[in-house]
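Report on the structure given below.
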Amino acid sequence: MKTLALSVVGVGVVVAAYLVFIFADGPAQAELKLHGYDPVSYFNAATPAEGSPEYSAVHDGARYHFVNAENRSAFLKQPDKFKPEYDGHCSYGVSLGQKFDIDPLAYRVVDDRLFLQLDAGTRDVWLEAEQENIRLADSNWPQLRATSN
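In the numbering used here, the protein residues as written are 311 to 459.
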């Protein structure tokens, strides 16, 4: 009986360790943001860089990839500084009350905020009235955020 009890405890420890490993930085099914690009690279590199699953983290149910451990650490210390506006949806789309996917290379950083766009053409339209589009998107986002993709 003592052996059975020790076996049950041993299995419990193994299962607990496995669950900690799997969920250490969030559920595996968390949605990958920025098509795998490193959010920190938008702020500290000449051009955005693709991250690696080796350096990933989950924040608010979203998975982000990073180019290195330093960028991941910087993000985890200040996620609001680096995460994209509108949960990574096309900013111009949000200004119109819609959620669209993005091209991670169609972006602009304004006042330390990362605004992503559907494509380069959409970015050009966004720029024609950027401050007004930011105002509209900021206004639309609270209600739009609650809707499904």
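Where a beta carbon is used, it is the ideal one built from N, C-alpha and C, also for glycine.
Could you tell me which of R423, E442, K409 and R418 sits nearest to Q453, measuring between CA atoms? K409
Using the rule of at least 16 other Cβ atoms within 10 Å of the residue's Cβ for burial, across every protein chain shown, is V420 buried or exposed? exposed
Cβ-based burial, L428 [other Cβ within 10 Å; buried from 16]: buried
If the criterion is Cβ atoms closer than 9 Å, does the pair Y352 and P358 meet it? Contact: yes.
Y352 - containing alpha helix (DSSP H), residue span: That run of the alpha helix (DSSP H) goes S351 to N354.
Quick check on this structure: which residue in S362, E341, A356 and R433 has the alpha carbon closest to the alpha carbon of H369? E341
Among H375, R423 and S449, whose alpha-carbon lies nearest the alpha-carbon of V404? Nearest C-alpha to V404: S449.
Delimiting residues of the alpha helix (DSSP H) encompassing E364: From DSSP, E364 is part of no alpha helix (DSSP H) but of the beta strand (DSSP E) over S362 to H369.
What are the partner residues of V404, as DSSP defines its beta bridges? According to the DSSP secondary-structure assignment, V404 is paired through a beta bridge with no residue.
Using beta-carbon positions only, say whether R464 and D411 come within less than 9 Å of one another. Nothing in the structure corresponds to residue 464, since the chain is present only between 311 and 459.
Expected contact under 8 Å - CB spacing of L426 and P349 to nearest Å: Incorrect: roughly 10 Å between the Cβ atoms, too far for contact.
Outcome for K393 when other beta-carbon atoms lying within 10 angstroms are tallied against a minimum of 16: buried
Whose C-alpha, out of Q388, K387 and T432, is nearest the C-alpha of L415? T432
What's the gap between the Cα of R382 and the Cα of Y417? 20 Å
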